[in-house]
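Enquirer: Just dropping this structure here.
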Amino acid sequence: MSAPIFTYLPVLLVFIPIILGMLIFLVQKEGVRIFLALLASLIGFGGLSWMWPTISKGLVLATRPIFLAPEIFLYFRVDALGLLFALVSALLWIFTVIFTVKYMEKESFKGRFWGFLTLAVASGIGVTLAGNLITLFFFFEMLTVFTYPLVIHGETGAAMAAGRKYFLYLFVGEALLLFSVVFTIFLGGTVFDKVGMLPTTQSPNLLRFLLFTFVLGFGVKAAIFPLHRWLPEAAIAPTPVTALLHADAVVNVGIFGLIRVIYNVFGPELIQSLGMDGLLIWVATVTMIFGSVIALRQDDLKRRLAYSTVAHISYTLLGAAVLSASGLVGALIHLVSHAFMKVSLFFCAGAIDRGTGKKRVSELGGMGYRQPLVMVAFTVASLGLIGVPPTLGFLSKWYLWMGPLEAQQSIFLGALILSTLLCAFYLLPITYRAFFKHAEGPVERQRTSWFYLLPIFVGAVGGLLLGVFPKPFLILARVVSESFLGG
Amino acid sequence: MSTGNFLYGVAMLLFLIGFYTVLARPSLIKKIIGINIMETSVFLFLISVGSRRGGSAPIILSGVKDYVNPLPQVVVLMAMVIAVGTTALALSMAVKIFESSGAGERRG
Amino acid sequence: MESVWGSLPLWIAVLPFIGAIFLYLAGQRFKNLRGHLSLLFVGIDFILILSVYPQIFREHKAIGYISPFLSIFQLSLDPLSFSLVALVSFIWLAVSLFSLGYMVGGGSGEYHAFSLVALMAVLGIFLAANFFTLFIFFDILGYVAYILIVNSRTREALKAGTKYLIMIILGDLTFLVGIFLFYYYTGGVAFTPALHLPDSAKLSIFLLMGVGFAVKAGVIPLHIWLPDAHPVAPCPASALLSGLVIKTGVYGIARALLVLFGMAKVVSVVSLLLLCLGVVSMLLAVFMALLQRNAKRMLAYHSISQVGYMIMGLGCAAFLGKEGMLALGASLFHLFNHALFKACLFLGVGAIYLRTGELDMYKLGGLRKKMPLTALFLIVAACGISGVPLFNGYVSKALLHRVLASLGLSPAGQGLLEIVFISTGAATLCSFVKLLRLTLFGRIPESYREVKEVPFTLVFPTLALAAVILTIGLFPNLLWKGLLLPSLEYLGYSPPVLAQFSSVEVWGAHDIGSFLWVLILGLAMYAVGSKYKLFEISFPQWFSVNYWVERLAFDLRFVFQERRVFEALEEIQLAPELKYLAVREMKFFEEDVESVTEGVRRLVWGLERAIKDILLSIKDSFSFLKRYCLREIWEKFLARPADSLAASRMSERIEGYVVELEFGLFLILVFIVACLFW
Amino acid sequence: MEKHFLILTVTVPLATATLIPLLSIRWERAGFWLASLALLFSFGSALILVGGVLVDGRIAYHVGGWAPPWGIEIFLDWVGAFFLLLASSLSLAVAIFSRIYVEQNLEASKIPLFYVLLLLLAGGMIGFILAGDIFNMFIFFEIFSLSSYALVAISGGLESLKASFRYLLMGTISSLFVLLGIGLLYSLTGTLYMPLLAQELGVLPYSGAIRAATALILVAFGIEAALFPLHVWLPGAHSLAPSPVSALLSGLVIKMGVYGMIKVLFYILGGRGSSEIGALFSLMAATAIIVGALFALRENDIKLIFAHSSVSQIGYVILGIYLFSYFGLAGGLLQVLNHALAKSALFLCAGVVISQAGFRRLEDLRGIGRRMPFLMVFFTIALASLASLPFTCGFASKYYLCKGAIERGEFWLAGIVLLGSFLTLLYCVKIVNYIFFATPAVGRGGGERSYPEVSPWMMVPIGVLGFGSLLVGIFPGLSFILIKPAVLGLLGMVR
Amino acid sequence: MSLIYFLVPFLLVIAVATVFTRDLLAAVIIFSAYSLIMAVVWQQLGAPVLALAEVAIGAGVTVVLFVVAVCRTTREEKV
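Protein chains in written order, with this note's numbering: chain A, 42 to 528; chain B, 1468 to 1575; chain C, 56 to 733; chain D, 1312 to 1806; chain E, 3 to 81.
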């Protein structure tokens, strides 16, 4: 590998897709747009997987900082945590693009859609590769901005309302986040090169306040409980966008930020000495249970899946917040598995919607005969999300359950189990209806396009295969937990 | 009580009267008159700052040692010119407003 | 060559799965061949398994398999798993043959494919070399069995299936937590004895795992899905479910017991609990069976009862420790026997159902003349389950009886056990007398005059099973020495103990005597029962555990669906206010004050509603208690059952119960108190 | 040599202003060309002067060769250079933009007058920046104020006349306050030359008279800068003036109030009494930030939105100044730059829309982004900068303001800054929604509205401002070449 | 100097009268009187040049402007 390119790879990986995304706006031909979008995603994934061997050895790839103004500089630093998140995003990005080709075929303003899609995922990757707080914040906010046009793509009243909510929630969160970023820099830390960058001599109440604003700031994006309302609303957007929101970039990035805060900004010891780990865990637990319970009550398929995301993302938070090695590994692996499964589930919902126009769970009777392959994938993905053994979901759940035990907080094990149970109860009825209930109208078998089936199966089967061969992500997760918690 | 301080007080009173006119009288012309009253009061103040008990005008004459300070007078002179400009502008606006609305009155 | 040999366990387990895929692909075109294909694959698997016999038993060697991809995925083929696997594949072969003629038309493709997957799962469970692998197959089996249960897609089937699924998920989860704790304490999941763990850990792990297994095995407080699910499945599927699938739970409990407590003598909650649960299951389920009209439902209750025997045996094994070899052996023996005769019974009833379309025993009769072969084999199987000498059930029951006698409890406890054992046997006998009397003997109803014997493919499986039943009944040592003793030896029982029971001897006076007691008591019971129509008694609904579970589920659903507390909590979001603030026309000094007050008003309203709802639900639950506990007990206990049933609001809300008698909880208490005497 | 440019850069525009009426009798376009040339000259000389400041730090010119305290001095230092560069470049851009705009929207007879007033405005501001004693400051203050009143009223509509009259009343009161304050200061020290004044005041105890003088002047400049309770004239004046004038008023003229405040606070008072003044003014600025943004949110007229937004944005600047810390001041100055570029680009864009399409309500703007894509891209860049998105200058300024507030331990001020930027974002998004994400408005004939081509005379200034905004946004560090020494110099004056 | 003490109350009274006179033309005329008195005060304070200027500008030009403006608008001040 040639050294200079490799050294600046993170910068290129973020900015080449962004430039390609901007080019898309100028292009009129649909074919060229798709080519550019696909090219961007392939470049992203290719570059990231090129880094994998290096990073998985525990090394770190850092670029030289680019100063924009005093104290404000762009700095990329790829560690295992960032690479893990980035890889998931990039991999699913490719398949999101493939899905979008068919899904958006008859929509208008496709140039805008392709452009913002590319920009959004690229900035999501930018967040994960960021090496300091400012860079992280920059891409974090850009992600929100670029996702907004995607959310309101339909331009209907409902879409605008959803967009409004999205905007209100996320930008309040980002204002708080900026506050905490500035505060942290004021206290003297910005680069993620060590565990716990804050001085421990500060007054504890100040630090608690800082953590609180951090959690609120990132928590909006991670959809933790009282701040989750935008996520289900945004389910009105086109399916590739919901996939982007739920699995590809947005929510993941929120939780990524929280992990950075817990481990890089504060550090486990400081958090424990402040006594704030309990708060985080409780927040996660409440979100978990509430998300699941509300999901039980949803009839709209996408909304149900959205609430399921609310619940599942806080598994990750719980895993990260118990401050134990297994918990962290579990959290990261769960994130991967959730991303794969949720992408598949949302794509299934999209394919069903496009194929038959059904959007509600109660209308899905007999869907197993109409679109058998889609529903089979849906079932596999549901089982993966529940955590049935051979899937990656099981592996993650295994580690996640270990976390509270190692941290001597076994009560949260109960919450995890309850939530898993609820997860089964809100996902399995869909399968049940599809395969075991008869439809009201006439049932015809429908041909589903391969543009739909490929991404759907990649998500579902990918989750399954990764359960059997978890090495690529497991190694990264182990490296992360070793670097943060010392083995 | 010195003349200076006495005049300061008078200037302030006049300023307030002018201010009241600007704020409270509805007629535009009245408002402009108010501005003029304020201006003259400020000039009065400036001149009384420069004046000195027993001083004579700042014109060099033999045998006069005690002049009033000329600088404020220069200031006032220039300000006076500007004030006339302002008044003219304001009056022309008032007339225009009257013509285009049909009433020279304006509340607020 | 070695590697091929080493991966043999994997092939044994996966072959049916390959078959299922093949079936799916080929079945698209050759719809009629699906059953044959299924049979073919089961047959190949059976032959494959049998061909390993010399390797396992002569060289006394276990074949282990470790997945190269996922090192935690391990299988092993040792004498114990071989015995079970052989049993499974044999019965599966018979049932497959039966289903060839039975399952025709809609849903048969699904049935054949998923029965193959279920076979893989069951084989996998018995082959698993650690808890993790066990869990994987266990879970697969849970979901696949669901598909078999709801094969007919009728309302009852779906309802029963849902209940089954909920119970299975609960069970799997607790099992998983158990494994998880096990891993946490030991750092591994293999079946190596983990005796060094602290007692509390052992106990909690065992209880958690045990709940998972007990759900599947249908041990009494957790059996609620079983009497609903087994009857609604197609007959061959019921045969598999009752004959084999629930055995996985028993096997699991045995495994957990051996791994956690080894051969140590466990005089603790564990052995006592197993003993109690076993006994309660035996007794209660058999009385429930007596009250049934539906033949398959009756058989399902018998399954619970027979599983109770096995659990009791396991309890004894735990109780006796190193000397408990006979108890374990007897349990396994009974496992074998029950698999055989229960499969045979279900197939026989299935044959009758195929010809008559009727499962209500009271509407059948006199079929012995129309379907002589089926009748014959049904009688053989019934003799087997009732423990009639010369049939296989007798042997295992006698062994279990001996074990009970060797427990050395206090006289009161011993006496109680004795009474329970005898009366269970008697009730079993009685209920089968009833079954045979009502279906095979007596006057034949008009509508069944034209009934013919089923074709040979349907008779042959019952024939084969009956033959095995008789063989084991006549030569019990064939099974004991051929399969069970090596397995027990493999499990690590010491040679002196092994030598003590190198062959089974069940023809003692004591055994025969107890059978006579059973016979007399059973016939008397039948006489009294049929005379006074005691078999048609219906108890009030609230006696049933099932009723309470469904009632609870109903209430929970009510809370979730009726826009109550959660809805109110959802409403208290600040978003509308912020939206109002930001987006609408914002007349700052006028409207905003209004919007803020509006926000406060909403907040207060939301809180008020939430509080009101919580209070209401509390009030509801009180009135519920008042209404359904106190008043209903009062009315139903004293009033005539039928009237109170009609009057009850519950019967409006939840319908479709077959009334059950399950005062199990009371009895458990009574029994524990009794056993604590010694 | 370059010292002479100091006086020339003021006098050339003022002198040209007198030429225009004469020449335009025969030559129709005289106003435009002369004004552009004069402003180009002052822009060029401003560049030269900034070069001189970069070398020497402070350059001064004594008018007529008389040294102070008797003569009049004009000087330029770092802060002045920063403002001078802004003033000359923006006025040039606006002058170029006005060519087409004025022809389309004003009566032909008023065109020379427009350029005269524009030149007076620019020259007045430049003089205000350069003035070395406070009385000259007052004179130039009056010059540019008067011309701005006239410019607001130039289109002659009743509403704009009323707005202008209101502006005039407030402006006159403000200038009288300044005069009064100057009188008080003079009565205390006997001099008007700023360094001497500072010296004399430094000796005196901090008495009620000084306090009163300071308060008078600061309030007066507060009126000019449209600080919150004194901002009532701004929305009307800025929204009803011709768009290029609005651009100049919002972009520059209100900044002159800020510049005056800086002069008084640092050059004259030397930071005395900063705590009490700071507490009061930062409270006012904080209120301005929030209230201005809230008012902007409720408006439906695009220029009114921007006008209210100016109230909010100027609050940031003033907040930054009254934080009296390195980061606060830097943030404030950066915000001056950001707001000047962004807001004038926005007003110019609005001017294009109003002059080409003839409407200004948000509903009518629906879908305009698809008709005028490039214009609207610049528009959006400016909006993003206003809303302090990342990679814009606004972000850097808000960052430093936040930092400054935190440094002083005033968390609530940091909160206000962020809340304000959130609200700003909301109205920006509201506008963007209408522009890009709504179905196009329907014209008279029933089809989509069509828009004529935009002249390059209009596009070029907007493009330059937009690219400037982008450049400064991506590399805000560039502006620190001037800002950093400026702020350090200011802080050096604090005693 | 003592003249000032005599003139100043008069000045104040005239200012008040200007403010409260309804007839605008009358108010303007009173205002011109105000300017004249002011000029005298300034002269007394040692600023004769300013006094002259005030007579010319304040009482002259300004008042003419006012009169013209009043003629072109209205004499009534509606309260």
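Don't be surprised by glycine CBs; every beta carbon is placed ideally from N, CA and C. No experiment lies behind these values; they were computed from the predicted model shown.
Would Phe736/C and Phe186/C qualify as a contact pair, given that the criterion is a beta-carbon distance under 9 Å?
Expert: One cannot answer for residue 736/C here, as it falls past the ends of chain C, which runs 56 to 733.
Enquirer: What are the partner residues of Asn349/C, as DSSP defines its beta bridges?
Expert: Paired residues: Asp415/C.
Enquirer: Would a check of beta-carbon distances place Leu1480/D closer than 9 Å to chain B?
Expert: Output row for Leu1480/D: interface = yes.
Enquirer: Please report how far the alpha carbon of Pro190/A lies from the alpha carbon of Phe154/A, in whole angstroms.
Expert: Straight-line Cα distance between these residues: approximately 8 Å.
Enquirer: Pick helix, strand or coil for Glu196/A, following the three-state DSSP scheme.
Expert: Here Glu196/A sits in coil by DSSP.
Enquirer: Thinking C-beta only, is Ser151/C closer than 9 Å to Leu203/C?
Expert: Contact flag unset, no.
Enquirer: Look up Ile113/A in the DSSP assignment and give the residues it is bridged to.
Expert: Ile113/A is bridged to Ala110/A.
Enquirer: Three or more C-beta pairs closer than 8 Å, one from the stretch 64-79 of chain E and one from the stretch 17-28 of chain E: is that the case here?
Expert: Yes, they touch.
Enquirer: Ala119/C by DSSP, collapsed to three states: which one?
Expert: One point to set straight first is that residue 119/C is Gly, not Ala, in the sequence displayed. Strand at Gly119/C.
Enquirer: Which residue spans inside the stretch 157-239 of chain A form an unbroken alpha helix (DSSP H) run of at least 4?
Expert: List check, alpha helix (DSSP H) in window: 174-192 and 198-228.
Enquirer: Would Tyr238/C pass as an interface residue toward chain A - the criterion being a Cβ-Cβ separation below 9 Å?
Expert: Yes, Tyr238/C counts as interfacial toward chain A.
Enquirer: When you compare each of Lys218/C, Leu63/C, Leu277/C and Ile527/C to Ile121/C by their alpha carbons, which one comes out closest?
Expert: Among Lys218/C, Leu63/C, Leu277/C and Ile527/C, the Cα nearest to that of Ile121/C is on Leu63/C.
Enquirer: Count the other C-beta atoms from every protein chain shown that fall within 10 angstroms of the C-beta of Phe124/C, then say buried if there are 16 or more, exposed otherwise.
Expert: Answer is exposed; the Cβ neighbour count stays below 16.
Enquirer: Starting from the beta carbon of Ile1504/B, find every residue of chain F whose beta carbon is closer than 9 Å, and list them in chain order.
Expert: Within the model displayed, chain F is absent; protein chains A, B, C, D and E are what it includes.
Enquirer: Closest by CA to Lys143/A, which one among Tyr493/A, Phe514/A, Leu441/A and Lys343/A?
Expert: The candidate whose alpha carbon is nearest that of Lys143/A is Tyr493/A.
Enquirer: Tell me whether His251/C is buried or exposed, calling it buried when 16 or more other Cβ atoms sit within 10 Å of its Cβ.
Expert: Exposed, by the Cβ-count rule.
Enquirer: Indicate whether Val107/C and Pro71/C have their beta-carbon atoms separated by less than 9 Å.
Expert: Contact: no.
Enquirer: Looking at chain B, is there any beta carbon in it that lies within less than 9 Å of the beta carbon of Leu52/E?
Expert: True, the Cβ-Cβ gap to chain B drops below 9 Å.
Enquirer: Using beta carbons (cut-off 9 Å, strictly below), is Phe525/A in contact with chain C?
Expert: Chain C, which has no Cβ nearer than 9 Å to the Cβ of Phe525/A, makes this no.
Enquirer: Relative to chain A, which residues along the stretch 1705-1721 of chain D have a C-beta separation below 7 Å, given in chain order?
Expert: Listed in sequence order: Ala1707, Tyr1710, Cys1713, Lys1714, Ile1717 and Glu1718.
Enquirer: Taking the beta strand (DSSP E) that Phe1386/D belongs to, which residues open and close that run?
Expert: Looking at the DSSP string, the run of the beta strand (DSSP E) that includes Phe1386/D is Ile1383 to Leu1387.
Enquirer: Quick check on the burial criterion: 16 or more other C-beta atoms within 10 angstroms. Buried or exposed for Arg1477/D?
Expert: The residue is buried, with at least 16 neighbouring Cβ atoms inside 10 Å.
Enquirer: Buried or exposed for Phe68/E, please, with buried defined as at least 16 other CB atoms from any protein chain shown within 10 angstroms of its CB.
Expert: Buried, by the Cβ-count rule.
Enquirer: Where do the N-terminal and C-terminal ends of the beta strand (DSSP E) with Lys1374/D fall, by residue?
Expert: This sequence places Val at residue 1374/D; Lys is not what is there. Here the beta strand (DSSP E) through Val1374/D covers Ile1370 to Val1374.
Enquirer: In angstroms, rounded to a whole number, what distance separates the CA positions of Leu519/C and Pro466/C?
Expert: Note on residue identity: the sequence assigns Ala, not Leu, to residue 519/C. Taking the straight line from one Cα to the other gives about 43 Å.
Enquirer: Please report the straight-line C-alpha distance between Arg1522/D and Tyr1497/D, rounded to a whole angstrom.
Expert: Computed Cα separation, rounded: 14 Å.
Enquirer: What separation, rounded to the nearest whole angstrom, lies between the Cα atoms of Gly1544/B and Gly1568/D?
Expert: The residue you asked about is not Gly; residue 1544/B is Leu in the sequence shown. Spanning the two alpha carbons is a distance of roughly 24 Å.
Enquirer: Going along chain A in order, which residues have a C-beta closer than 8 Å to the C-beta of Leu225/C?
Expert: What Leu225/C touches in chain A: Leu462.
Enquirer: Would the stretch 1733-1740 of chain D count as touching the stretch 1654-1666 of chain D if we require 3 or more Cβ pairs under 8 Å?
Expert: Touching, no, given that fewer than three Cβ pairs across the two stretches are closer than 8 Å.
Enquirer: Going by DSSP, what residue range makes up the beta strand (DSSP E) through Leu795/C?
Expert: Outside the shown range of chain C, which is 56 to 733, sits residue 795/C, and nothing can be said about it.
Enquirer: What does the alpha-carbon distance come out to for the pair His456/C and Phe145/C?
Expert: Going from the Cα of His456/C to the Cα of Phe145/C covers about 28 Å.
Enquirer: Please look up how many angstroms separate the CB atoms of Ser131/C and Ala141/C, rounded, as I've assumed it's under 8 Å.
Expert: Ser131/C to Ala141/C, Cβ: 15 Å. No contact.
Enquirer: What span of residues does the alpha helix (DSSP H) with Ala132/C cover, start to end?
Expert: The sequence given here places Leu at residue 132/C; Ala does not occur at that position. Element bounds for Leu132/C: not the alpha helix (DSSP H) but the beta strand (DSSP E), Gln129 to Leu132.
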